[in-house]
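Residue numbers for the sequence shown follow the numbering used here, beginning at 204 and rising by one. Just below is one structure, and these are the notes that go with it.
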Amino acid sequence: MPGPHSFLWSNMEVFPNKLAQKLPYLGFGLGLRPNYYEEILTSKPDLDWFEILTENYLIPGGKPLYYLDKIREHYPIVMHGVSLSLGSSDPLDFDYLKQVQELASRIEPAWISDHLCWTGVHGLNTHDLLPVPYTSEAIQHIVSRIQVIQDFLKRPFLIENVSSYLTYKQSEMSEWDFILEIVKQSGCYLLLDVNNVYVSSFNHNFDPMAYINSMPPGRVAQIHLAGHTNHGDYIIDTHNAPVIEPVWDLYEATIQRLGPVSTMIERDDNMPDFSELLSEINHAKRLAIQAAKEKVAV
């Protein structure tokens, strides 16, 4: 069975930090998508873990759960959802949380994550991951909801930074200061989407390194890498293309700052041959190894 130390170093050896003592370091993985179920089971690729989209596996029985159970026999799994709507003023959906809890009991994920956003209000669903205003009031609201979620699930919980295409006049601070305060007050961990940092920095004209340099080494438990669509004067996070060079550069800088972090590639459209995704995640591994060596040398 492939394992998280099938490469040249571990986070405890190169960058000892508090995170390694609290959450497992998983290595390098991919998003689990139906296109690749059979190939994964047949070839047992040299991957360390997979991330699932939680909502795709909540219905009992059927093909998705069958393959998930089989793949779980060989690889660690983490759960990643899109439905908690942490920033919404609507009450938390405990029917949904119960389904998440039952799935987690079945597959024992290393952790569960969702997005720092709102997806609807008054029972209406926008089917989009919308940013929230960066205010002290929003911090208190979201922290209280995260604490309820953590108490209910009784598992490590991560929040992900979303790509954004709008801002609010009410915002009182930067996105990264907002996120850090939520992590600090709630005790949750961060899923850092490096592509989303790049997309938002382009759309809102801020320095992505200011974002990366604010990240605390002990609280970033996972990294997402993905492609996007550039429309000239704005970028949309579409997960339909390979990771571009500036995002790879940002990832390398992230690892230089944080040390090894469990890293995966997301792909949700224009699906390539599985070998192309393996090539991308292996490139991430090579960059991370080089970043580790450079930090040690310094």
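A virtual CB, placed ideally from N, CA and C, is assigned to each residue, including glycine. Please read all numbers here as calculations on a predicted model, not as lab measurements.
Spell out whether any CB of chain B is found under 9 angstroms from the CB atom of residue i.
i, result
"proline 336", "The displayed structure is made up of one protein chain only, and chain B is not part of it."
Let me know the secondary structure DSSP gives residue i once reduced to three states.
i, result
"glutamine 373", "coil"
"glutamate 378", "helix"
"arginine 489", "helix"
"isoleucine 502", "The structure shown does not extend to residue 502, since the chain is modelled only from 204 to 501, so the question has no answer here."
"methionine 418", "coil"
"histidine 318", "strand"
"leucine 480", "helix"
"tyrosine 270", "helix"
"leucine 332", "strand"
"alanine 494", "helix"
"leucine 532", "This structure gives no information on residue 532, because the portion of the chain shown stretches from 204 to 501."
"leucine 383", "helix"
State the start and end residues of the unbroken alpha helix (DSSP H) segment that holds residue i.
i, result
"phenylalanine 405", "397-407"
"alanine 456", "448-461"
"glutamate 305", "297-310"
"isoleucine 243", "240-246"
"isoleucine 342", "339-356"
Have a look at the options and flag the residue whose alpha-carbon is nearest the alpha-carbon of residue i.
i, options, result
"asparagine 238", "Asn473, Ala491, Glu497 and Ala487", "Asn473"
"threonine 432", "Lys357, Phe477 and Val446", "Val446"
"serine 316", "Ser308, Asp293 and Val303", "Val303"
"threonine 338", "Ser367, Phe381 and Ser288", "Phe381"
"lysine 496", "Arg236, Ser465 and Ile458", "Ile458"
With residue i as the anchor, note down where its beta strand (DSSP E) starts and where it stops.
i, result
"valine 423", "423-428"
"isoleucine 468", "465-468"
"isoleucine 255", "252-256"
"glycine 232", "231-234"
"isoleucine 262", "Counting along the chain, isoleucine 262 falls outside any beta strand (DSSP E), and DSSP gives it neither H nor E."
(request) Indicate whether the contact test is met: 3 or more Cβ pairs, each with one atom in the segment 271-285 and one in the segment 306-317, closer than 8 angstroms. (result) yes
(message) Check whether the segment 363-379 and the segment 287-307 are in contact - that is, three or more C-beta pairs closer than 8 angstroms.
(response) no
(message) Taking contact to mean 3 or more Cβ pairs, one atom from each stretch, closer than 8 angstroms, check whether the segment 408-422 and the segment 436-444 are in contact.
(response) no
(request) Examine the Cβ distances between the segment 382-394 and the segment 447-458 and report whether three or more of them are shorter than 8 angstroms. (result) no
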